[in-house]
Amino acid sequence: MLVCVFLWSSSGQNSAPEAVLNCCEGDILFLLDSSGSVSSYDYSRMLGFLSELLLPFSLGEDQVRVSLLQVGTQPRLEFGFDSHNSQTGLQGALGNTKPLRGDTNTEEALRMAKDWVLKPGGGAGAREELPRVLVWLTDGVKPGDVIGPMEKLREEGVAVLVISTGHGNYQVLRQVVTPPVESHLYFVDIDDMSIITEDLRDAIIGMFASERRESAHCVNMVWYRHRFNINFHSFHSSHYNEHVLRFKVKRVSTGGVCCTSGSVLRSQSVSSLTEILRAERLQVRDVSTDSAMLQWRPVLAGLTGYYEIRGPGTSPSTSGDSSMARLMDLKPDTTYMATLTPKSNLQVLNPLSVTFTTKPEVLSPTVVTVSDSGANGVRVSWGPLQPESVQSFQVEYMALPGGKLHMTTVGQGQNSTLLTNLQPDTQYLVTVSARHSSGRERAMSVKVCTEEVRPALADLQLTTVGSDSVQVDWKASVDGLRGYWLTWEGQGIHGSTAAPRSSLYLPSNSLSTRLTHLPPATRVCVSPVYRTARGEGLCCMAQFHSDASVWGHRS
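First residue of the sequence shown? That's 61 in this note's numbering, and the numbers climb one at a time after it.
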């Protein structure tokens with residue numbers, strides 16, 4: 061008996077296409093980075109992206125439910141799965157969400173997700189027997205030790221997707237997402253997030269579809285051309301499929317499923333929809349280029365026995381308490397068949413088979429990122445490594461426009477290199493290419509800008525004039541200089557502030573100025589201003605007495 065289930069919806073929301081509104085049933089937790097490393101602008105763009113992403117979904121107990129967990133020094137559950145059953149409520153909550161700031165404590169947020177928010181059956185947790193999806197939005201800055209916690213979530217059946225809006229560590233992020241990486245890991249500029257909205261939405265719907273084949277409203281049974289009798293419905297040989305509508309899961313009671321034409325195909329006593337489905341379900345999930353996960357209902361739970369699995373990369377027997385096994389060392393773009401045979405001395409259980417095809421090989425590099433950018437050097441990273449197929453990597457770089465071409469070759473086990481002796485404040489084109497043992501080559505390019513040189517202020521002199529004025533003189537390098545930024549404030553006892561801070565911007569040809577009407581003790585600071593930022597400045601304290609005095613600071 062093969063059991064399939066279709067989703068039925070009674071929702072009245074009509075703001076999106078029917079195919080999207082009634083697509084699926086499951087729980088989505090968004091892990092949103094709102095720490096101090098995320099600017100207010102970036103944060104608002106992330107919320108806008110979530111709003112657009114979720115707008116087409118129909119919400120409710122029998123549809124999609126959404127929860128938002130913010131990441132800061134102390135992570136906070138902004139709203140749980142049972143908070144919003146309509147788009148009006150959800151969109152309003154997203155619009156009113158404020159950032160937490162502070163540190164990026166992703167590890168604590170993942171602990172909360174595992175132990176509370178995504179735990180099935182809890183008061184505020186996810187629903188039992190339904191797909192759970194975690195979508196992590198991060199700027200990629202100091203995510204912490206997330207590989208272990210994410211792996212535990214995936215082992216418990218949670219599907220993971222990641223969107224990075226900054227220079228995230230590809231090697232870390234690729235290990236936390238549910239395979240395939242190319243479909244579930246996104247690197248995107250904060251201003252271009254809308255270009256991945258449809259792909260991400262399709263990925264979520266796909267995860268719901270692969271995880272779930274039944275709903276609380278309808279079960280679809282497929283059988284051979286025999287007559288089956290169940291005490292709540294009769295199926296006849298004239299149809300292969302029959303819908304049982306308004307199926308209440310907790311109230312189903314059947315005497316069994318059997319063939320009345322003489323040869324019994326299957327007979328099983330069941331008391332709930334879960335038990336009906338448990339007998340006939342073998343799934344393949346997390347299919348990548350070289351591995352796949354087999355998952356099945358634990359039909360031997362409570363019985364003595366084991367599972368015999370025939371397929372590539374498996375052991376001869378698997379414990380009866382198990383419900384999954386990973387197939388390893390598979391070949392890319394290859395079709396396999398795996399067979400699961402429950403072995404028990406107490407009853408005979410039919411074997412289950414499933415056919416699947418591994419993902420086509422994705423040639424490295426697929427991602428190139430830049431970090432540790434300075435005035436004379438940058439670090440370039442790429443991935444995946446693929447040491448079994450890549451012979452070497454070649455990095456080429458040149459200043460734009462029309463600079464000299466430089467190149468360096470690195471080994472197959474190296475995923476980054478530091479480019480040095482670069483020109484300050486210059487745009488470079490960097491190309492990483494991989495030479496594969498098959499003879500094929502793949503290249504990917506990025507543009508990167510080095511930082512400008514910002515020399516510090518060389519000298520600062522203060523000379524008091526009268527009882528409340530000071531002559532300020534300074535020296536600085538003139539290369540790239542745009543101007544000077546002066547600040548001054550009165551100082552009280554033990555260095556406390558006695559007067560509000562004042563500031564003044566002066567052009568680059570100014571090397572002195574006079575400040576008047578100052579408090580008796582005044583701290584004066586001068587910083588050089590360049591195109592992209594201020595350089596390091598100097599500060600001096602001026603104290604007024606009857607005679608003129610000179611204070612200075614030379615770097």
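C-beta: ideal position from N, C-alpha, C; glycine also.
Comparing alpha carbon positions, the residue from MET397, PRO425, ARG345 and PRO411 closest to ARG386 is ARG345. The alpha helix (DSSP H) runs lying completely inside the segment 202 to 273 and spanning 4 residues or more are 207 to 215, 230 to 236, 241 to 244 and 257 to 271, given in chain order. Your pair PHE416 and ALA352 checks out as a contact, with CB atoms roughly 6 Å apart and the cut at 8 Å. In the structure shown, ASP163 adopts coil according to DSSP, grouped into three states. The beta carbons of VAL347 and THR426 sit no closer together than 8 Å.
Secondary structure of ARG574 (DSSP, three-state): strand. SER441 counts as buried, since at least 16 other C-beta atoms from the protein chains shown sit within 10 angstroms of its C-beta. Collapsing the DSSP output to three states places PHE109 in a helix. In the DSSP assignment, the residues bridged to PHE139 are LEU128.
In this structure, the straight-line span from the alpha carbon of GLU138 to that of SER127 is close to 8 Å. Nearest Cα to ARG561 within the set ALA581, GLY86 and GLY217: ALA581. Sequence-distant Cβ neighbours of SER476 in its own chain, meaning closer than 8 Å and more than five residues away, are ARG439, VAL440, SER441 and TRP442. ASP528 and THR576 have their C-alpha atoms spaced approximately 6 Å apart.
Taking the Cα of GLU448 as reference, the smallest distance to any Cα among ARG214, THR349 and GLU167 is reached at THR349.
In terms of Cα proximity to CYS600, the closest of TYR590, ILE256, GLY120 and GLY550 is GLY550. In this structure, ALA398 places its C-beta atom within 8 Å of the C-beta atom of SER413.
Contact between ASP93 and THR157 does not hold, since the beta-carbon distance rounds to 13 Å and is not under 8 Å.
Assignment of beta strand (DSSP E) within the segment 509 to 569, counting only whole runs of 3 or more residues, yields 519 to 525, 529 to 535, 543 to 550 and 562 to 567 in chain order. ALA219 counts as buried, since at least 16 other C-beta atoms from the protein chains shown sit within 10 angstroms of its C-beta.
Counting every other CB atom within 10 Å of its CB across the protein chains shown gives GLN130 a total of 16 or more, marking it as buried. Cβ atoms of LEU598 and LEU517 come within 8 Å of each other, at about 5 Å.
Beta-bridge annotation (DSSP): ASP87 is paired with ARG125 and ARG192.
Annotation for ALA602: the continuous beta strand (DSSP E) segment containing it runs 598 to 603.
Under the three-state reduction of DSSP, GLU168 is assigned to helix. Per DSSP, the beta-bridge partners of ASP93 are VAL131. Assignment of TYR396 by DSSP, reduced to helix, strand and coil, places it in the strand class. In this structure ASP389 is exposed. Its beta-carbon is surrounded by fewer than 16 other beta-carbon atoms within 10 angstroms. In the DSSP annotation of this structure, the continuous segment of the alpha helix (DSSP H) that includes ALA153 starts and ends at 147 to 155. With a threshold of 16 other beta carbon atoms within 10 Å, PRO203 meets it and is buried. The beta carbons of GLY162 and GLY200 sit no closer together than 8 Å. Under DSSP, TYR457 takes part in a beta bridge, and its partners are HIS466 and VAL490.
Taking the Cβ atoms as the reference, GLU511 lies roughly 29 Å from ASP533, outside the contact range of under 8 Å.
When the alpha-carbon of LEU342 is set against those of ASP519, GLY540, PRO411 and GLY217, the nearest one is in PRO411. When C-beta atoms of the segment 454 to 468 are compared with those of the segment 482 to 499, three or more pairs fall below 8 Å, so the two segments count as touching. Within a 10 Å sphere around the beta-carbon of ARG500 sit fewer than 16 other beta-carbons, which makes this residue exposed. Taking the C-beta atoms as reference points, MET253 is found no nearer than 8 Å to ARG495.
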